[in-house]
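Note sheet for the following structure.
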Amino acid sequence: AQSVTQLDSHVSVSEGTPVLLRCNYSSSYSPSLFWYVQHPNKGLQLLLKYTSAATLVKGINGFEAEFKKSETSFHLTKPSAHMSDAAEYFCVVSDGSTGTASKLTFGTGTRLQVTL
Amino acid sequence: SQTIHQWPATLVQPVGSPLSLECTVEGTSNPNLYWYRQAAGRGLQLLFYSVGIGQISSEVPQNLSASRPQDRQFILSSKKLLLSDSGFYLCAWGDRSGRAVFTDTQYFGPGTRLTVL
Numbered sequence: 533a534q535s536v537t538q539l540d541s542h543v544s545v546s547e548g549t550p551v552l553l554r555c556n557y558s559s560s561y562s563p564s565l566f567w568y569v570q571h572p573n574k575g576l577q578l579l580l581k582y583t584s585a586a587t588l589v590k591g592i593n594g595f596e597a598e599f600k601k602s603e604t605s606f607h608l609t610k611p612s613a614h615m616s617d618a619a620e621y622f623c624v625v626s627d628g629s630t631g632t633a634s635k636l637t638f639g640t641g642t643r644l645q646v647t648l
Numbered sequence: 002s003q004t005i006h007q008w009p010a011t012l013v014q015p016v017g018s019p020l021s022l023e024c025t026v027e028g029t030s031n032p033n034l035y036w037y038r039q040a041a042g043r044g045l046q047l048l049f050y051s052v053g054i055g056q057i058s059s060e061v062p063q064n065l066s067a068s069r070p071q072d073r074q075f076i077l078s079s080k081k082l083l084l085s086d087s088g089f090y091l092c093a094w095g096d097r098s099g100r101a102v103f104t105d106t107q108y109f110g111p112g113t114r115l116t117v118l
């Protein structure tokens, strides 16, 4: 079974400063890992996905994440926060099913606040 | 490109009333379809998934049911709503092309906010 732990329920940064959202995972096999973003009362938007092709994954809106197997981590970063980045972020691990329905396990979310 | 629709966007229903939420996907065929619920302050809970027409798998026992009458249509229903059914309901689709790298990504709809009073 897989699991995901998002280490911070709430992160606050100033606009223009770096963002770090932390995620640790547990999986019995080589996992697929995702970051999704959710703005208030909206659906989830895929930011990026790790599939073992490269440990540093670049996503949309300037976000990137680095897969570190030795640390079982998949932290999300952005060099400079914008006000529009304020949202809830979910770290997600897949059970790796192929050809049938995959099952995703979601972290509890990190709320990112961006202040002026 | 693929698009996923959900309606209604918001819904307020009395306890004991029936429910029908609809999800449709455009621009792809034979997708995997999923229903999730997001309760206030909590993460996402997978309710149902479907790998084909008429094929429904339930993840948690509850008074909800799901149906897939057409390839790209997924319906969430209840005969009698409970207060605990309140939440944000999200539909998602996944590619079932058989290519491993693509089959476990899910794409979410805009959601339906359900309030049961």
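So the protein sequences, as listed, match chains A and B. In terms of the numbering used here, the first sequence has 607 at position 75, counting the first letter as 1, and numbering is strictly consecutive. In terms of the numbering used here, the second sequence has 71 at position 70, counting the first letter as 1, and numbering is strictly consecutive. Built from N, CA and C at the ideal position, the CB exists for glycine as well.
**Prompt:** In the DSSP assignment, what residue or residues form a beta bridge with residue 607 of chain A?
**Reply:** A:598
**Item:** Closest Cα partner of residue 56 of chain B within the set B:33, B:14, B:9 and B:113
**Value:** B:33
**Message:** Taking 7 Å as the threshold (C-beta atoms), are residue 575 of chain A and residue 88 of chain B in contact?
**Reply:** no
**Message:** Please state the DSSP three-state secondary structure of residue 102 of chain B.
**Reply:** Because the pLDDT at residue 102 of chain B is just 44, under 50, the model does not fix this residue reliably, and the value given afterwards should be weighed accordingly. Helix, per DSSP.
**Asked** Shorter than 7 Å from the beta carbon of residue 640 of chain A to some beta carbon of chain B?
**Response** yes
**Asked** Hey, is the segment 40-51 of chain B in contact with the segment 69-80 of chain B, meaning 3+ C-beta pairs nearer than 8 Å?
**Response** yes
**Residue of B:24, B:30 and B:108 minimising C-alpha distance to residue 568 of chain A** = B:108
**Request:** Step through the CB atoms of chain A and report whether any lies within less than 7 Å of the CB of residue 1 of chain B.
**Result:** As displayed, chain B neither begins before 2 nor continues past 118, which places residue 1 of chain B out of reach and without an answer.
**Prompt:** Are at least three pairs of beta-carbons, each pair with one atom in the segment 8-19 of chain B and one in the segment 598-609 of chain A, less than 8 Å apart?
**Reply:** no
**Asked** Applying the criterion that 16 or more other CB atoms from any shown protein chain within 10 Å of the CB defines a buried residue, is residue 43 of chain B buried or exposed?
**Response** exposed
**beta strand (DSSP E) runs wholly inside the segment 17-98 of chain B, at least 3 long, in chain order** = 20-27, 33-39, 45-53, 56-59, 65-71, 74-79 and 88-95
**Prompt:** the segment 574-597 of chain A: which residues have C-beta closer than 7 Å to a C-beta of chain B, in chain order?
**Reply:** 574, 575, 576, 578, 581 and 583
**Request:** Would you check if the distance between the CB atom of residue 571 of chain A and the CB atom of residue 619 of chain A is smaller than 7 Å?
**Result:** yes
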